[in-house]
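**Q** Below is one structure. I have some questions about it.
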Amino acid sequence: MNFASSFRAGLLLGLPLLAVPAYADDTDAEERRRSEIVVTGIAADDSYAPESAAVAGKRPAPILEIPQSISVVTREQIEDRNLFTIGEAVQQVTGVTVMPFDGSNPDYRARGFVLDYAYDGVPSTFSSGVPEFDLVIYERIEIQRGPTGLFRGAGSPGGTINLIRKRGQNEFSMSAALSAGSWNNYRGEFDIGGPVDAAGKLRVRAVGSLLDRDFFQKKSHTRKFVAYGAIDYDLTPTTTIGASISYQDNEANTPQNGQPAFTNQQFLGFPRSFQHLPDWNLFTDTTVEYAAEVEQRFGRWALKVRALERDIPRAWMDAFIQPGTGVDPDTLTANYVNRRSDGQNRKQALDAYATGPFALFGREHELAIGYSYDRRTTSFLSRSQTVVGRYSIFDADSIPQPSAAFTQGSETDLRQSGFHAQARLRILDPLTVVLGGRISDFTNKSRNILPSAVTDFRVTSRERGKFTPSVGAVLYLTDNVTLYGSYSDIFNPQTALRQDGTTIDPRVGQQYEVGLKGRFLDGKLNTAAAVFRSKDKNRALADASAPGFFVPAGEVSIEGFEFEITGSPLEGLDVNLGYTNVKTEYEVGTATQTGTVFDIFTPRHQFKGYARYEPAALGGAFASVGVNAQSKVVGAGVAGIREQGSFAVANAQLGYRFNEHLRAFATVNNLFDKVYYVRVGSLNTYNNYGEPRSVLLTLRAKY
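Numbered by mature numbering (1 follows the signal peptide of the UniProt record, and there is no 0), the letters in the sequence shown go through residues -24 to -1, 1 to 679 in order.
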């Protein structure tokens, strides 16, 4: 039996063993109530001003008492704003920049770095460009900005996107939506679920969607099918088990990778619809995820074990302009390369923890303690980039496809595990101190496989017993306003070698943050403001005394402030407003780096505003408007020559609610048809235009 089969078998066999109740008490109504809260608490906290979030801990905590910057995109916001992908949702979040990557899977950046993922709190080590599920299977998205090493160990200092999946429901509900819009954009989805038995012990959920669309860039087309099923069962009054399966099939023809640039560093300046890639470019992937969990409650304590396995067979075949080169401005020709790859990404993870209260010095406190294991493997065969000749950018379809014969193969195996603990100590009635730490092990190894010359696995980085601390304090100034401060860090192993042949020390990200949070109007309005400063140390720098080797001496700094207002300040009015000011700089780097901007893709200033108004006086009519604005970015371009200046993009929506079950609306994105670049790339690619004005008509029904 292989590892994957053993893993799945372990999930199924382990559930009944872990589900032994702590004690029998079939009449304990309070325990039953807690079971319902555990299952539905996050889903029920669904508004523009949610009360709690789980991204900064293992169980939902009041946002007022989390000493880090937290934003939440709830299901109500997702449906009101017609958000279909993780990228579309995260683009609306304060302080986050969405950067196109491969036409299908963008990068998400905050505070100078790419964001990591977690799935229902289970940390992930997936990297840029790995496919993610459509938003239809998730109840909400939670984003923590800043290091999150306490529960994930190694990772990015930028923060974490926690994706909360849909679960079986206590009450029957059914919803569906149909959309049609610009560039043959058609989409349908459904969501149905509820209790199976009269007592509501067995709860199920089924979700699906189908997308078929073109894009403003010629030849680009995507077809995506998603199916999801979840089941939750109260095995006893103190034991709940659950499982889910997710499936997604995605095919992207000539995905939008932006335009190239001229060899003189100028933008092409061609129409946004221009496509310089061949029509046979094709990216396909199929994602299947199995997840299971069990929760055993012991009075007010709970033990939860979650596990998941995700498999992603992927293939791509494409041609593009040779890296490092651009388009000749006189002949409008360029050197093209082609390539082919076929393989699989795989993830296996286990997260086990216990949470509950304890008494000390006459006060009640909370403790979370646990263990997590995360493994990511890749196995790919590929045909390396091959120069196929010089072609007119108007005749890309004549570029030959790559040979079906692969020329190289590789495998990687990354494993991370660790023990973590977090205590919320209520020192005084208004003061809570949050102390946490994690001890992590990390190993990354790789090898060549056929048709390359086969090699044994070689360890490229390894850490043992790495300690990651986290400290915070929350002070209630009033019943609904808190002042907080926190220190958190994270580490990121490196592969560069010292002169003595050893791997250099891991990068270490450290952040200090101070902020205010408020919850007003009987919980209808959330506010937050924060000031932060962080450093990323031990970055690899070339060893001047030993060419080809490195020393851990580089350092970058990130500092800034932000504010956010979300919720309903007036009856019928929902808002989401946020501003971020962030400065990133190389403090120690190469001679050309020191003192310059570190994160070339993150704007210094960023504003995101959205308001939706549905007054009762209009009898069902509603409207919304949104504006995203930012200061200039140079990206991978050249200052003063190829850069994107400051810009703002407006969106609007008009609709009508026929009754409590049915509504229809029209959404206009890029209302004033602003021409801008959402990413400034290199000479050969990734100069991505923002989407032109588009219209999407949507009909939503819910019962």
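Note that CB positions come from ideal geometry on N, CA and C, so glycine has one too.
1) Measure from the alpha carbon of GLN68 to the alpha carbon of each residue in ASP208, GLY485, GLU118, GLY184, then state which is nearest.
2) Considering just the uninterrupted stretch of the alpha helix (DSSP H) at GLY602, what are its terminal residues?
3) When you compare each of SER607, THR570, ASN552 to LYS584 by their alpha carbons, which one comes out closest?
4) Give a yes or no on contact between the region 484 to 494 and the region 459 to 474, applying the rule of three or more CB pairs nearer than 8 Å.
5) I need the DSSP call for VAL651, collapsed to helix, strand or coil.
6) Grouping DSSP H, G and I as helix and E and B as strand, with all else coil, what is PHE539?
7) Which same chain residues end up closer than 6 Å to GLN232 when comparing Cβ atoms and leaving out the 5 residues on each side of it in sequence?
8) How big is the Cα-Cα spacing for LEU672 and ILE403?
9) With DSSP run on the structure shown, which of helix, strand or coil describes VAL66?
10) Quick check on the burial criterion: 16 or more other C-beta atoms within 10 angstroms. Buried or exposed for GLN475?
11) Apply the 10 Å Cβ neighbour rule to TYR679 and answer buried if 16 or more other Cβ atoms are within range, or exposed otherwise.
12) Between which residues of its own chain and THR101 is the CB-CB distance below 7 Å, once the five residues before and five after are set aside?
13) Expressed to the nearest angstrom, what Euclidean distance is found between the alpha-carbon atoms of ASP21 and ARG116?
14) Classify PHE508 as buried or exposed, calling it buried when 16 or more other Cβ atoms lie within 10 Å of its own Cβ.
15) Reducing DSSP to helix, strand and coil, say where VAL31 ends up.
16) Please indicate yes or no: does the CB of ARG181 lie closer than 6 Å to some heavy atom of the ligand ZN?
17) For residue 700, which residues does DSSP report across the bridge?
18) Are ASN58 and THR643 touching if we call contact CB-CB under 7 Å?
19) With C-beta atoms as the reference, is PHE238 less than 7 Å away from PRO305?
20) Please classify PHE334 as buried or exposed, where buried requires at least 16 other C-beta atoms within 10 Å of its C-beta.
21) In whole angstroms, what separates the C-alpha of SER45 from that of ASN240?
22) Would you give the residue range spanned by the alpha helix (DSSP H) that GLY485 belongs to?
23) In the DSSP assignment, what are the bridge partners of THR503?
24) Roughly how far, in whole angstroms, is the beta-carbon of TYR312 from the beta-carbon of ALA295, given that I think they are within contact range, below 8 Å?
25) Find out if the Cβ-Cβ distance for the pair GLU533, LYS500 is shorter than 7 Å.
26) Going by CA-CA distance only, name the one from GLY412, VAL603, ASP225 that's closest to PRO445.
27) Within this structure, are the beta carbons of GLU387 and ILE345 separated by less than 7 Å?
28) Does the beta-carbon distance from SER185 to ALA206 come in below 7 Å?
29) Could you please give me the residues that DSSP links to ASP550 through a beta bridge?
30) Could you give the DSSP three-state label for residue 720: helix, strand or coil?
31) With H, G and I counted as helix, E and B as strand and the rest as coil, what does DSSP make of GLU52?
32) For GLY131, count neighbouring C-beta atoms within 10 Å of its own C-beta (all shown protein chains included) and say buried if the count is 16 or more, exposed if not.
33) Just to confirm before moving on: does the CB-CB distance between PRO376 and VAL363 stay below 7 Å?
34) Mind pulling the beta strand (DSSP E) runs of 3 or more residues that sit fully within the region 284 to 352?
35) Could you tell me the distance, in whole angstroms, from the CA atom of ARG669 to the CA atom of ALA397?
36) Report all residues from its chain with a CB closer than 6 Å to the CB of ASN321; omit the five preceding and five following residues, and keep chain order.
**A** Quick answer:
1) Looking only at ASP208, GLY485, GLU118, GLY184, the smallest Cα-Cα distance to GLN68 is reached by GLU118.
2) No alpha helix (DSSP H) contains GLY602, which is instead part of the beta strand (DSSP E) from 597 to 606.
3) Across the set SER607, THR570, ASN552, the C-alpha of ASN552 shows the shortest separation from the C-alpha of LYS584.
4) The answer is yes - the region 459 to 474 touches the region 484 to 494, with three or more Cβ pairs under 8 Å.
5) Three-state result, VAL651: coil.
6) The answer is strand: DSSP assigns PHE539 an E or B state.
7) Sequence-distant Cβ neighbours of GLN232 in its own chain, meaning closer than 6 Å and more than five residues away, are GLY79, PHE191, GLN193, SER196.
8) Rounded to the nearest angstrom, the two C-alpha atoms are 53 Å apart.
9) Three-state result, VAL66: helix.
10) Exposed is the call here.
11) Its Cβ having fewer than 16 others within 10 Å, TYR679 is exposed.
12) So the qualifying residues of the chain are ASP350, ARG352, LEU390, GLN392.
13) Those two C-alpha atoms are separated by around 10 Å.
14) Buried is the call here.
15) In the structure shown, the three-state DSSP call for VAL31 is coil.
16) Among the components of this structure there are no ligands whatsoever, and the ligand ZN is therefore not found.
17) Lying before the first or after the last residue shown, residue 700 is absent from the chain, which here runs from -24 to 679.
18) With contacts defined as CB atoms closer than 7 Å, ASN58 and THR643 qualify as a contacting pair.
19) Less than 7 Å separates the beta-carbon of PHE238 from that of PRO305.
20) With fewer than 16 Cβ atoms within 10 Å of its Cβ, PHE334 is classed as exposed.
21) About 42 Å.
22) Per DSSP, GLY485 is not a residue of any alpha helix (DSSP H); the beta strand (DSSP E) it occupies stretches across 483 to 496.
23) Looking at the DSSP output, THR503 bridges to GLY494, ILE541.
24) Under the criterion of beta carbons closer than 8 Å, TYR312 and ALA295 qualify as touching, at roughly 5 Å.
25) A small fix is needed here, since residue 533 is Ser in this sequence, not Glu. No, they are not a contact pair.
26) Taking each of GLY412, VAL603, ASP225 in turn and checking the Cα distance to PRO445, the smallest one comes out for GLY412.
27) Result no, Cβ atoms of GLU387 and ILE345 do not sit closer than 7 Å.
28) Not a contact, by the Cβ cut-off of 7 Å.
29) Assignment of beta-bridge partners to ASP550 by DSSP yields ARG588.
30) Outside the shown range of the chain (-24 to 679) lies residue 720, about which nothing can therefore be said.
31) GLU52: helix per DSSP, three-state reduction.
32) So GLY131 counts as buried.
33) No, the Cβ-Cβ distance between PRO376 and VAL363 is not below 7 Å.
34) Listed in chain order, the complete beta strand (DSSP E) runs (minimum 3 residues) inside the region 284 to 352 are 309 to 336.
35) Rounded to the nearest angstrom, the two C-alpha atoms are 49 Å apart.
36) Excluding positions up to five away in sequence, the list reads VAL106, ILE288, THR354.
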